[in-house]
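Shown next, in structure tokens, is the structure this report addresses.
And the structure:
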């Protein structure tokens, strides 16, 4: 028993020794392996660690060589020419890679940003015939399908033996291909039968290419390969020469713009133009701007081509060569102001008698109706088709009626709009309507003032040509507003307006130029504060028969004191203008109501408020005082 116990202890000791040696060997092996890996990593240079296992840096590391960072963000400097591309916020290298390939293609190819794409492009250039399920249809689509091929990039043109870059990437549009063949490859298209009635032996005879609709062509394809039917001659050689002489609309626009940090500017005119596109570049908007604002320069540059096809002017026919047989004379009466009538013979020439001898009048060429910029009317201006300006709806809803903006449009440009039209208007057109309304109203006021002055001068000259007027500022004002106690009118003598005497005036004009109240001993430096004091402190005197505030041509005073929110104002009698100063109401009366009766130009649009005003500042003051409207945008127009 004791021997067995000793043997068991010895065996256990051997096992423990064996396990300990194994642990030491494993630990040592692990340490050696870690040391080898560490030494290998330390031997690698900085340049090798930047590379992949193939020795080519990744796009993430390659992009850092052509990007620099400042306080604004990450900038592109792959090219020697300054680039405006900027990333603000988080750095995204893949966006820079795409920018390098699209904008700086040559530099990106030299830097290695196109690696791995060459093999893919070679595989994608495998051409396959275009297989279409025509469903028994023949004609133009079948003819076009013979001269195109498909690969991964899209559907390409192969009508010519020389390479052509035209490609359709989204679907097959055979009419666009037919237009491209007829314009870019005129000779090949003629031989293939794309010109109707040009070659009688060509089979089959397709339908006319000139009937291609504009709606089926995208904007990029339109700019590069579309020409209107009027500009396409029947001779294919002439069409080719015409294409070489006339660049596309996009190319024309590029020649008359320049770019800077603010956006894309117009430079078609020698002078400075304020038109600028700050967001997206839209050649069509530039072309419309050139035709509208710079028509002379736009016509010289070729922006009006295809819009009109003027006919040669007919030679004038001498009047003696026009036959006048069978001429009927009718009598008509011309009336002017119902005061004088003049009998004038009206000559009516039968149409049949002169139709053969008189050339018809040359009619104005019709401008083709352009297509709307988009299908949604809320994305473009109803009047100028602008899409890059802030827009506002013309009608507030489908049931809106009596819209002042629609009435202004109809009154200014004779275009009637209803609530069903769902139109929007830009800020520039709105301002033009406001300017036109103000200009017309101002012109009417000036015309009325001139006519009234002529009538007064004529009346004064006939009654008393030797009468002269000399009065100071205060007297000239009160001549207009004083009503005499006894108005004497006779049939033999014209009415005479008497000058106000010193006893009638509510003030005393002192030698130093100041004014003293006649009722109380207060003194004021000018006439305005004197009148304010008289109206506020001595309002009972205004009802006196000899009050200077009675008007000679009316039974009401030219202004009256009113109190609003415990503040006293002077309110004009002919309109609702409010002022706090007597001098202001005097100037207002002289400007708008000095013997010329004009209609108010602005009416308050608040509910149950019918007050009217002569100018916009008076209207804004009314909104602030009576309606607590501080922001002018909350009021009416």
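Numbering (the UniProt record's numbering), first residue to last: 1 to 637. Backbone N, C-alpha and C fix where the C-beta goes; we use that ideal spot for every residue, glycine too. Bear in mind that the values here come from a model prediction, so they are computed numbers and not experimental data.
Whole-angstrom distance between residue j and residue i, CA atom to CA atom
i	j	result
residue 605	residue 264	40 Å
residue 458	residue 373	59 Å
residue 2	residue 13	17 Å
residue 522	residue 516	6 Å
residue 424	residue 433	14 Å
residue 385	residue 290	14 Å
residue 148	residue 195	18 Å
residue 380	residue 431	17 Å
residue 601	residue 614	5 Å
residue 554	residue 376	Model confidence at residue 554 stands at a pLDDT of 41, short of 50, so the residue's coordinates are unreliable; what they give is reported in the following sentence. About 57 Å.
residue 274	residue 411	29 Å
residue 110	residue 102	14 Å
residue 279	residue 260	12 Å
residue 618	residue 588	10 Å
residue 18	residue 11	11 Å
residue 277	residue 172	33 Å
residue 78	residue 257	25 Å
residue 87	residue 98	13 Å
residue 168	residue 128	15 Å
residue 141	residue 187	19 Å
residue 56	residue 164	35 Å
residue 610	residue 429	28 Å
residue 132	residue 81	47 Å
residue 511	residue 440	46 Å
residue 408	residue 247	41 Å
residue 191	residue 130	21 Å
residue 76	residue 153	29 Å
residue 403	residue 285	29 Å
residue 58	residue 66	13 Å
residue 106	residue 95	17 Å
residue 529	residue 616	25 Å
residue 294	residue 442	28 Å
residue 390	residue 281	16 Å
Same chain, Cβ closer than 7 Å to residue i, five either side skipped, listed in chain order
i	result
residue 603	612
residue 287	249, 253, 303
residue 531	582
residue 630	624
residue 585	559, 570, 572, 579
residue 525	514
Paired residues, beta bridge with residue i - DSSP
i	result
residue 168	155
residue 509	515
residue 639	Residue 639 is absent from the structure shown; the chain starts at 1 and stops at 637.
residue 75	68, 86
residue 725	Outside the displayed range of the chain (1 to 637) lies residue 725, so it cannot be described from this structure.
residue 11	Note: residue 11 sits in no beta bridge, so no partner.
residue 426	391
residue 266	257
residue 277	264
residue 612	603
residue 524	515
residue 370	BP columns for residue 370 are empty, so no partner.
Distance between beta carbons of residue j and residue i, contact taken as under 8 Å
i	j	result
residue 182	residue 159	Residue 182 to residue 159, Cβ: 10 Å. No contact.
residue 93	residue 63	4 Å
residue 68	residue 91	Wrong, their Cβ atoms sit about 11 Å apart, outside the cutoff.
residue 144	residue 174	4 Å
residue 559	residue 573	6 Å
residue 642	residue 269	Because the chain here runs from 1 to 637, residue 642 falls outside it and cannot be looked at.
Close beta carbons around residue i, own chain, < 6 Å, minus the five adjacent residues each side
i	result
residue 405	394
residue 640	Lying outside 1 to 637, the shown extent of the chain, residue 640 is not represented and no answer is given.
residue 5	none
residue 416	410
residue 15	none
Residues near residue i by beta carbon distance below 8 Å, same chain, minus five either side
i	result
residue 564	578, 625, 626
residue 7	none
residue 267	256, 257, 258, 273
residue 436	412
Residue i CB to nearest heavy atom of the ligand ATP below 7 Å
i	result
residue 100	Questions concerning the ligand ATP fall outside what the structure shown contains, since it holds no ligand whatsoever.
Would you call the segment 444-454 and the segment 409-421 in contact, with 3 or more CB pairs under 8 Å?
For the pair of segments examined, the segment 444-454 was found not to touch the segment 409-421: the number of CB pairs separated by less than 8 Å stays below three.
If we count Cβ pairs, one from each stretch, closer than 8 Å, do we get three or more for the segment 572-587 versus the segment 620-627?
Contact between the segment 572-587 and the segment 620-627 is present: 3 or more CB-CB pairs across the two stretches fall below 8 Å.
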